[in-house]
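Trainee:
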Amino acid sequence: MEEPLPPLAFARAAVFGRCPRCGQGRIFCGMLTLCERCPVCGLDLTRHDVGDGAAFAAIFILGPIIVIAALIVEFTYSPPLWLHILLWPVVTVVLAVLFMRPSKSILLALQYRYRQSGSSP
Ligand SMILES: [Zn+2]
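Heads up: take any position in the sequence shown, counting from 1, add 629, and you land on my numbering.
1. What residues in its chain sit with their C-beta under 7 angstroms from that of ARG666, if we drop five residues either side in the sequence?
2. Less than 8 angstroms between the CB atoms is what I'm expecting for ALA738 and ALA643, so what's the real figure, rounded?
3. State buried or exposed for CYS670, treating a residue as buried only when at least 16 other CB atoms are found within 10 Å of its CB.
4. I'd like to check one pair, VAL679 with LEU736: are the Cβ atoms closer than 7 angstroms?
5. Whose CB is closer than 5 angstroms to a heavy atom of ligand 1? List the residues in chain order.
6. Do the CB positions of PRO649 and TYR706 come within less than 7 angstroms of each other?
7. Tell me which residue opens and which closes the alpha helix (DSSP H) that LEU691 is part of.
8. For ILE656, count neighbouring Cβ atoms within 10 angstroms of its own Cβ and tell me buried if that reaches 16, exposed if not.
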């Protein structure tokens, strides 16, 4: 049985997209694509499927933030409708991509940590 990462190193690995076992290897091979294995310790990352969890979190956390920001902009500056139509889709996509990466990383790290001690296969 290997030594688990200390809590602070584990949290840092989770937030910054590092391997939850060694804390060194990058877990992303693309913008949002998880690698199959950690390049440093060889941890099989395909066993920890985060599914739609990150997208679900992005929708439920970013959705209200975007709506509140749009309302604040509307009531403060009263911009024309075309500006809302151009602005908010771009802001939403950019924030969603920025949010998804740490969200996926955190979910994968939590799955790794709790499946180690749980009874699931
Ligand atoms: Zn690793």
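The beta-carbon is built from N, C-alpha and C at its ideal position, and this holds for glycine as well.
Mentor: The short version:
1. One-based indexing of the sequence shown puts residue 666 at position 37. Cβ within range, chain order: LEU672, ASP673, LEU674.
2. The count along the sequence shown starts at 1 and reaches residue 738 at position 109. The count along the sequence shown starts at 1 and reaches residue 643 at position 14. Contact flag correct, Cβ pair sits at about 4 angstroms.
3. Locating residue 670 in the sequence shown gives position 41, counting from the first residue. With fewer than 16 other Cβ atoms within 10 Å, it is exposed.
4. Here the question's residue 736 lines up with position 107 in the sequence shown. Here the question's residue 679 lines up with position 50 in the sequence shown. Yes.
5. CYS648, ARG650, CYS651, GLY654, CYS667, VAL669, CYS670, LEU672
6. For the purposes of this step, residue 649 is taken as residue 20 along the sequence shown, with counting starting at 1. For the purposes of this step, residue 706 is taken as residue 77 along the sequence shown, with counting starting at 1. Result no, Cβ atoms of PRO649 and TYR706 do not sit closer than 7 angstroms.
7. Here residue 691 refers to the residue found at position 62 when the sequence shown is read from its first residue. DSSP places LEU691 in the uninterrupted alpha helix (DSSP H) bounded by 682-706.
8. Position 27 of the sequence shown, counted from the start, is the residue given in the question as residue 656. By the 10 Å Cβ count, ILE656 comes out buried.
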